[in-house]
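Protein chains in written order, with our numbering: chain A, 31 to 126; chain B, 714 to 864.
Using N, Cα and C, we set each Cβ at its ideal position, and we do this for glycine too.
All figures in this text were calculated on a predicted structure; none of them were measured in a lab.
Taking it in order: structure first as structure tokens, then the write-up.
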């Protein structure tokens, strides 16, 4: 049974407009590896060259941030929902 | 960092969205307001239909010059929009202590998210007027971020 990966509006150009993808795997890392062939541009935005999730982006499994679980080794099972979510912050404080 | 399709060229704001952003900025002052912009992308133009104010999750003693949007709020709104043909097309925040131009920290987020519109509201004018300006990041363009025409 596959896992649903939710794609944010901002990144749907990279998935031909698809808002959700299906992937197989037992961890978030395996899911992303499964998606890489079909959606290499999307994975390029999610993962940095260091193999980690990029700074300005969050990954949630069933509503929980994987940074508070086991990062990319967070386990997933069929029927779970993984969300890719923009990390948005800023402000005047560090205007330079 | 992007697919290199050139970024957003123009923004259209509904009257409701414009009013909601300015009202939120005034209500939140002296703290920064922040929220989501919902609408549609039509080629290089973003059409904002409504604004969704969010709680500023920055530490309380820094909210006058910083903002953070809870990503769970983004998940909730994306869920509510499923099947509607609309999406989160941008984000807004206010600069009650400064001009409605991107700060250095704003630019970091804008560079990573060139697909979306960034609205910044200044509410610090002596006459109390709110100034709303739209910004976009054009990948590869040396002048980014650049101001976008509204309308």
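Under a criterion of Cβ atoms nearer than 9 Å, no residue of chain B is adjacent to residue 66/A; the nearest Cβ is some 16 Å distant. The beta-bridge partner set that DSSP reports for residue 798/B is empty. If you draw a straight line from the Cα of residue 104/A to the Cα of residue 35/A, it is about 14 Å long. Across the structure, residue 724/B and residue 848/B are spaced so that their CA atoms are roughly 9 Å apart.
The beta carbon of residue 742/B does not come within 8 Å of any beta carbon belonging to chain A, so the residue lies off that interface. Of all residues in the stretch 798-829 of chain B, those with a C-beta nearer than 7 Å to a C-beta of chain A are 800, 801, 802, 804, 806, 808, 810, 811, 816, 817, 818, 819, 822, 825, 826, 828 and 829, reading in chain order. Contact annotation for residue 782/B against chain A: 116, 117, 118 and 119 [CB-CB distance below 9 Å, chain order]. Taking a C-beta cut-off of 9 Å against chain B, the contacting residues of the stretch 84-104 of chain A are 84, 85, 86, 87, 88, 90, 93 and 95, listed in chain order. CA-to-CA, the gap between residue 806/B and residue 99/A works out to about 30 Å.
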